[in-house]
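Below you'll find the structure, written out as structure tokens, and then a few comments.
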């Protein structure tokens with residue numbers, strides 16, 4: 068049987084296939100088709116079938132990571148969306164939290180609301196914070212708002228009422244009326260998308276869900292049709308922001324959960340590969356053509372978040388705590404009006420791409436700088452599949468050099484240096500700013516450009532070890548093969564943590580438990596091992612933010628808080644508060660804001676194959692060239708072919724390691740060791 072994972076990035080689409088019969092992995096890269104990602108996905112399936120000699124019917128699993136939802140929000144080209152809300156709340160999306168995007172920028176503008184005010188409609192209804200009806204929903208008023216929305220001709224509608232997380236009856240009534248009257252319009256209710264308190268964040272999440280919903284649904288339909296046309300008998304599954312796989316039906320209902328689809332696959336894969344190599348504490352470093360994504364993994368578990376901001380808009384769905392910066396191989400360098408060199412966030416993308424690709428690009432990028440510095444092969448990349456236009460790269464970087472009144476070499480070095488500093492800032496964001504010492508973690512570098520810059524980024528933040536997996540350029544696709552099928556089920560509580568009166572806690576836990584069990588019954592493959600875990604989000608009374616603590620196992624198994632369960636959670640909260648903020652108030656009232664259960668159907672996770680032992684790096688030596696390093700300048704540097712390296716081989720820096728999907732730079736102050744699984748474990752000498 069063949070298991071296939073396909074990850075779509077801004078520049079390339081990566082394919083990884085596992086033949087379960089012999090345990091062999093097969094990889095393939097092709098340019099992304101930005102107008103319709105499903106075209107490259109189908110082409111990737113056909114290419115990997117041809118490479119392996121397998122028939123379409125041999126494919127038993129197909130996983131997919133997509134950026135359709137993310138791109139829709141970032142490019143502001145989603146559906147024409149309407150909003151129905153409680154009378155008096157028409158401007159919630161406009162008002163927001165009154166937080167400035169940049170505290171010291173007097174000209175900074177916040178992101179405009181996704182729903183134009185003319186498309187916001189109100190109805191007379193009201194629920195109390197306890198979930199009781201204060202003002203009944205008028206049927207006449209409901210019919211009138213449906214007609215107004217029909218006349219406005221939107222593509223999508225979000226229904227967001229006050230306190231619907233407590234009682235969603237009115238929301239469901241309006242949503243049902245809209246679906247009946249407007250069958251071709253995408254309709255979603257906030258209580259389905261984010262049943263949690265804080266109306267602005269809930270409204271924003273529902274609005275984003277509606278905004279991307281029509282495009283995601285069209286994409287999923289095209290994807291299913293194209294995969295069916297290849298002859299593959301299984302429907303694809305899509306990875307969500309929280310690192311779990313979902314069916315196409317789940318994605319269609321909750322498209323907002325795919326906003327971090329692709330990056331989460333890389334985190335899962337990096338955790339799997341590093342764990343097999345003996346590393347549990349790591350920071351993932353995924354640098355592609357457009358951006359760099361980093362995430363902290365503690366004891367093999369990626370740090371999660373309940374809220375993210377996408378293009379300035381809060382989204383309240385579970386996700387891995389991935390921080391993204393606009394620094395990739397295609398990031399464009401320019402000199403600003405003050406004469407300072409900047410790199411990114413604009414990118415050359417896949418078309419035309421960096422000037423070095425020879426596709427008509429003429430703006431200087433990080434890739435062009437790496438070609439001129441000898442870090443990338445000056446003749447070809449992708450194993451010889453793509454010729455490098457060295458002269459075009461030189462002309463592009465010369466434009467920056469001229470603007471800086473300096474030489475080509477200095478300009479190229481400056482581009483690389485600024486890119487490294489930008490990415491080091493992202494690593495500090497998920498470690499130092501979260502109270503973690505990056506020196507206690509290893510940096511796992513992947514993506515098409517991650518290994519090119521990882522050693523310099525590690526040195527910048529004080530990290531001593533870098534791990535480069537065997538196929539780093541396609542690691543995200545591998546993540547799609549080791550990701551469990553998973554979904555989260557949050558429930559608002561907003562009750563004091565009272566050991567003697569857990570009635571409302573039990574009610575919320577039972578509701579979440581029933582939803583989780585129902586989801587597993589529908590989504591889990593036959594015979595799969597299933598698991599339900601949980602956490603509570605807690606705070607001291609009157610605090611604005613919560614901390615997460617695990618739910619006791621007994622409470623999860625029985626769907627009720629037995630004796631001692633709440634006290635155990637309170638003690639864990641005090642401990643977590645001390646770790647996060649340096650203090651705890653043992654006698655203060657503690658509030659449980661919400662609970663969340665996570666249901667998972669576990670998949671078999673393949674081990675990476677071990678490689679043959681050897682110690683002579685000369686067996687893999689293919690070239691020598693001048694490579695520029697920041698402090699030493701150009702040095703005569705050996706170039707090795709990754710496939711020729713054997714377990715136990717040591718590579719003292721400087722050295723370059725080339726392979727189909729990436730290039731690894733080992734600086735003069737670093738030494739690499741090839742481990743039993745083919746990972747490059749690079750030790751960085753800190754000054």
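Residue numbers (our numbering): 68 to 754. Think of the CB as a built atom: it goes at the ideal place given N, C-alpha and C, for glycine as much as any other residue. Quick caveat, the model's predicted, so the values are computed rather than measured.
Taking C-alpha positions only, residue 331 is separated from residue 206 by approximately 44 angstroms.
Under DSSP, residue 690 shares a beta bridge with 706. For residue 381, the enclosing beta strand (DSSP E) has its first and last residue at 380-382. Collapsing the DSSP output to three states places residue 297 in a helix. Annotation: residue 750 is outside any alpha helix (DSSP H); the continuous beta strand (DSSP E) that includes it extends over 747-751.
Listed in chain order, the non-local C-beta contacts of residue 410 below 7 angstroms within the same chain comprise 394, 398, 400, 433, 482, 485, 486, 489, local neighbours out to five positions each way being set aside.
The beta carbon of residue 697 sits closer than 8 angstroms to the beta carbons of 480, 483, 484, 523 from its chain, once the five residues preceding and following it are set aside; these are given in chain order. With fewer than 16 other CB atoms across the displayed protein chains lying within 10 angstroms of its CB, residue 162 is exposed.
Excluding five sequence positions before and after residue 122, none of the CB atoms of its chain fall closer than 6 angstroms to its own CB. Each of 126, 623, 230 was checked against the Cα of residue 295, and the nearest Cα belongs to 126. In this structure, the beta-carbon distance from residue 371 to residue 386 falls below 9 angstroms. Rounded to the nearest whole angstrom, the C-alpha separation of residue 290 and residue 745 is 34 angstroms. Nearest neighbour of residue 249 by Cα position, chosen from 224, 262, 270, turns out to be 224. In its chain, beyond the 5 residues on either side, 419, 420 have a beta carbon closer than 6 angstroms to the beta carbon of residue 426. Here the alpha carbon of residue 114 sits roughly 25 angstroms from the alpha carbon of residue 313.
For residue 545, the closest alpha carbon among the candidates 297, 241, 329, 508 is that of 329.
Residue state for residue 345 is assigned as coil, using DSSP reduced to three classes. The beta carbons of residue 136 and residue 335 sit about 18 angstroms from each other, so the pair does not count as a contact at 8 angstroms. Spanning the alpha carbons of residue 466 and residue 431 requires a straight line of approximately 8 angstroms. With contact defined as three or more Cβ pairs closer than 8 angstroms, the stretch 505-515 and the stretch 261-279 are not in contact. In the three-state DSSP reduction, residue 454 falls in the strand class (E or B). The continuous alpha helix (DSSP H) containing residue 108 extends over residues 104-119. Between the alpha carbons of residue 665 and residue 368 lies a distance of about 14 angstroms.
Residue 568 counts as exposed, since fewer than 16 other beta carbons sit within 10 angstroms of its beta carbon. Residue pairing for residue 272: DSSP places it in no beta bridge. Spanning the alpha carbons of residue 183 and residue 707 requires a straight line of approximately 56 angstroms. If you check the CB distance, residue 233 and residue 559 come in under 9 angstroms. Beta-carbon to beta-carbon, residue 647 and residue 614 are separated by about 6 angstroms, close enough to satisfy the 8 angstroms threshold. Put simply, the backbone Cα of residue 287 is about 29 angstroms away from that of residue 412.
Within the stretch 145-220, the alpha helix (DSSP H) runs of at least 4 residues that lie entirely inside it are, in chain order, 159-162, 206-219. With respect to the C-alpha of residue 519, the residue from 471, 497, 348, 437 having the closest C-alpha is 437.
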